[in-house]
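Numbering (this note's numbering), first residue to last: 5 to 294.
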Amino acid sequence: MSTAHKIAGAGIGLRLPHVEQVLASDERLAPWFELLVDNWLVDGGLNAAILHELAERYPLVFHGVGLSLGGIDPIDLNYLERIRLLKAQTGAVWYSEHASFSGYGGRNVPDLLPLPYTQEAVLHMAQRIVQVQDFLGERILLENVSTYLSCQFNEMNEAEFLAAVASEADCYLLLDINNVFVTCTNLNLSVEHFMQQIPVSRVRQIHLAGFDDKGDYLLDAHNNPVDARVWQMFKEFIASHGAIPSMIEWDNELPSLERLLQEMTLAKSILDSARSNSVVRQMKRGDRCA
5 MSTAHKIAGA GIGLRLPHVE QVLASDERLA PWFELLVDNW LVDGGLNAAI LHELAERYPL
65 VFHGVGLSLG GIDPIDLNYL ERIRLLKAQT GAVWYSEHAS FSGYGGRNVP DLLPLPYTQE
125 AVLHMAQRIV QVQDFLGERI LLENVSTYLS CQFNEMNEAE FLAAVASEAD CYLLLDINNV
185 FVTCTNLNLS VEHFMQQIPV SRVRQIHLAG FDDKGDYLLD AHNNPVDARV WQMFKEFIAS
245 HGAIPSMIEW DNELPSLERL LQEMTLAKSI LDSARSNSVV RQMKRGDRCA
């Protein structure tokens, strides 16, 4: 079991093709890794041995896609129990999921579908998050998803919806800045307005990823470097709110590990700059109070 339980700085989403290289390296390649937990829910075998070695060497966090928090089928407690057991075995610091649904009647779709942003949906999702948190004995992180259509029945915008759910369920947030950019571009919304409405005190982690520009819309494909405009959003958010743990997601057309670590280094430089500026501000306040 990992004895390191602190998540700070910039990490990456570690995917299976890069695991062997990470474990073969004598260097500490990243401060921490996020694992897609659904890929590791196996009993015994090579995967379990690899995961144990990763947990011995690196702090981990888990990210899931299978819970369907916004659905109406009962929460799959068997699935959740496997996650709880894996967290206990690895010392993974937290578990995050999506503000979406992905199936009905026992049938799942390979996508993360948004809910209508209504008060009814707020209460529905919050109730299910509370059930999950009570089962796990800890708060989870809720991530915003990319959207391509808006619902005519919306009573609030997405940022207001996320804030309301997080408050009602008393959970944390995982802010995916790429998803914010994709959604706002697709729906012709203000990125600045969205980011200003996020309850920063609940944000525990940030995702950065690349999209696929389809011409008349952006696809959240995780198959490209982080776009310059997303980097700028990240830089402004971190400058305003401090160095929140952040990581690079790259899932399709996977590059070399070295290329992925280059992206992580860019995130690290932005986080380091925010920390340095914070120290300078504290020193100046101390001088004024002396």
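Each residue gets a CB set at the ideal place from its N, CA and C atoms; glycine is no exception.
Within the same chain, Cβ atoms closer than 8 Å to the Cβ of V23 are found at I54, L58, the five residues on either side in sequence being excluded. Beyond the five residues adjoining it in sequence on each side, H226 comes within less than 7 Å, by CB distance, of A213, G214, E253, W254, D255, N256 in the same chain, given in chain order.
Your pair L178 and L146 checks out as a contact, with CB atoms roughly 7 Å apart and the cut at 8 Å. In this structure, A173 lies away from I202, with their beta-carbon atoms at least 7 Å apart. In this structure, the beta-carbon distance from A271 to A14 falls below 7 Å.
Bridge pairing for M251: G15, H211 [DSSP].
According to the DSSP secondary-structure assignment, Y83 is paired through a beta bridge with no residue. Nearest C-alpha to N192 among Q209, L153, R32: L153.
For E257, no beta strand (DSSP E) encloses it, and the DSSP letter there is neither H nor E. A distance below 7 Å separates the beta carbons of A168 and V126. The shortest CA-to-CA distance from A103 to any of T269, L73, L81 is the one to L73.
Nearest neighbour of S100 by Cα position, chosen from Y108, G107, L140, turns out to be L140. L166 has its alpha-carbon roughly 10 Å from the corresponding atom of M160.
Its chain contains L222 as the residues whose beta carbon lies nearer than 6 Å to that of T189, once the 5 sequence neighbours on both sides are disregarded; these appear in chain order. Linking P35 to Q156 through their CA atoms gives a straight-line distance of about 43 Å.
As the crow flies, the alpha-carbon of K10 is around 12 Å from that of F37. Proximity to V136 across E240, L264, I87 peaks at I87, based on C-alpha coordinates. Annotation: G109 to N183 spans about 28 Å, alpha carbon to alpha carbon.
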